Each structure stands twice: as structure tokens, then as C-alpha cells.
């Protein structure tokens with residue numbers, strides 16, 4: 061008998077695979093695929109490192125924010141890795157080899173939760189609290205990063221939702237504890 065979390069994932073996979081299949085067919089449209097790949101690569105790390113490094117120029121107490129943003133991102137990453145390596149939900153393009161098109165190489169075999177989405181939401185909430193004038197840039201980018209994860213066949217929608225929830229939780233805790 062499979063462990064309970066894996067049985068839940070089996071059920072979710074069946075509910076979500078058809079939508080994943082339809083969404084990843086859009087990868088056949090080259091401009092869309094290139095847009096999703098670019099968003100995914102930005103969500104890897106460069107945009108968030110740039111945001112952290114720019115804090116002294118973006119706000120008066122920016123030097124302190126570098127430490128806050130960095131420490132919360134590292135803590136979120138540790139929890140994300142722990143969850144991902146314990147639950148081991150395979151990516152949609154692996155589970156449904158013939159049905160879900162993969163638009164970009166995956167770093168590993170497992171999809172739950174989406175780390176890209178976790179960081180996109182985490183930093184969007186921190187930007188909303190500290191530099192809201194950046195939201196017109198950060199929010200559309202965060203949304204595109206989340207969409208890219210499903211659109212490239214790397215995640216199920218529930219992976220993205222879970223990643224977003226974890227990112228929001230860490231941002232909320234950071235704002236509560238560090239102000």
C-alpha cells in the first residue's frame with residue numbers, strides 16, 4: 061500500500077492531467093513557449109537576487125531588508141526542499157509521458173511544491189509591504205512565473221497553489237516577526 065500523501069497525489073494527478081495536457085499544447089506556439097521559458101528562467105533566481113541586492117537603493121532601511129529578504133528566502137528554500145524530497149510527486153511530463161509536453165528541462169524529478177511560485181509570491185508580498193511602487197512590475201512577473209510552471213509541463217496546478225501558499229506564509233511570518 062502506498063503512503064497516504066502519495067495516494068492523494070494519485071487522485072490529484074488524475075484530476076489535473078487533462079488540464080495540464082491542454083495547457084502544454086500551447087508550447088507548440090513558439091512565441092508563447094519562449095515567453096514561458098523566459099519567465100521561468102527569471103524565476104530561477106536572477107530577478108530575486110537583483111531585488112535583494114537593490115534594497116539599499118529602493119528604500120531607506122534597505123541594508124536591513126537585504127538581511128530580512130535573504131534569510132526568509134533561505135528558510136523558505138529549506139522547508140521547500142524538505143517537503144519536495146519527502147513527498148516525491150513526479151512531474152506531469154514524467155507521469156503522463158505521452159500526454160503532457162515538457163517545454164523546458166527539469167532540474168529534478170519531483171514537482172510538489174513549486175519553488176519558482178513560492179519565491180514569486182514571497183517576494184511579491186514583501187515588495188507590496190516595503191516598495192509597493194514596484195508592484196506593477198513584480199505582480200505580472202510573478203503571475204507569469206506561476207503560469208510558466210504549468211505551461212511548460214513542469215508542475216500541476218496544485219503544485220503552483222501549494223508553492224504560492226508556502227511563499228505567502230513565509231512572507232507573512234517575515235512581516236510579522238521582522239516588521
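Numbering (our numbering), first residue to last: 61 to 239.
Beta carbons are placed, not taken as given, at the ideal position from N, Cα and C, and that holds for glycine.
From a predicted model like this one, the values you see are computed outputs, not experimental measurements.
Considering only residues of the same chain and omitting the five flanking positions on each side of residue i, which have a CB-CB separation below 7 Å?
{"i": "residue 184", "result": "198, 199 and 202"}
{"i": "residue 86", "result": "92 and 211"}
{"i": "residue 154", "result": "169"}
Could you pull out every residue in the same chain whose Cβ sits closer than 6 Å to the Cβ of residue i, ignoring the five residues on either side in sequence?
{"i": "residue 179", "result": "108"}
{"i": "residue 172", "result": "147, 149 and 219"}
{"i": "residue 231", "result": "182, 185 and 186"}
{"i": "residue 144", "result": "170"}
{"i": "residue 96", "result": "208, 211 and 212"}
{"i": "residue 174", "result": "209, 215, 219, 220 and 223"}
{"i": "residue 106", "result": "none"}
Whose CA, out of the options, lies closest to the CA of residue i?
{"i": "residue 84", "options": "224, 70 and 151", "result": "151"}
{"i": "residue 216", "options": "191, 234 and 177", "result": "177"}
{"i": "residue 192", "options": "119, 137 and 204", "result": "119"}
{"i": "residue 70", "options": "205, 163 and 156", "result": "156"}
{"i": "residue 101", "options": "224, 222, 223 and 164", "result": "164"}
Applying the criterion that 16 or more other CB atoms from any shown protein chain within 10 Å of the CB defines a buried residue, is residue i buried or exposed?
{"i": "residue 134", "result": "exposed"}
{"i": "residue 89", "result": "exposed"}
{"i": "residue 236", "result": "exposed"}
{"i": "residue 189", "result": "exposed"}
{"i": "residue 205", "result": "buried"}
{"i": "residue 214", "result": "buried"}
{"i": "residue 222", "result": "buried"}
{"i": "residue 98", "result": "exposed"}
State the beta-bridge partners of residue i as determined by DSSP.
{"i": "residue 150", "result": "170"}
Excluding sequence positions up to five away, which residues of its chain have a Cβ less than 8 Å from the Cβ of residue i?
{"i": "residue 139", "result": "226 and 230"}
{"i": "residue 126", "result": "112, 113, 115 and 116"}
{"i": "residue 136", "result": "178, 179, 182, 226, 227 and 230"}
{"i": "residue 76", "result": "152, 216, 217 and 218"}
Do you know how far the Cα of residue j is from the Cα of residue i?
{"i": "residue 112", "j": "residue 129", "result": "6 Å"}
{"i": "residue 8", "j": "residue 195", "result": "Beyond the ends of the chain as shown, which are 61 and 239, falls residue 8; an answer cannot be given."}
{"i": "residue 161", "j": "residue 81", "result": "7 Å"}
{"i": "residue 131", "j": "residue 233", "result": "12 Å"}
{"i": "residue 167", "j": "residue 238", "result": "33 Å"}
{"i": "residue 72", "j": "residue 104", "result": "26 Å"}
{"i": "residue 78", "j": "residue 141", "result": "27 Å"}
{"i": "residue 68", "j": "residue 74", "result": "10 Å"}
{"i": "residue 110", "j": "residue 94", "result": "22 Å"}
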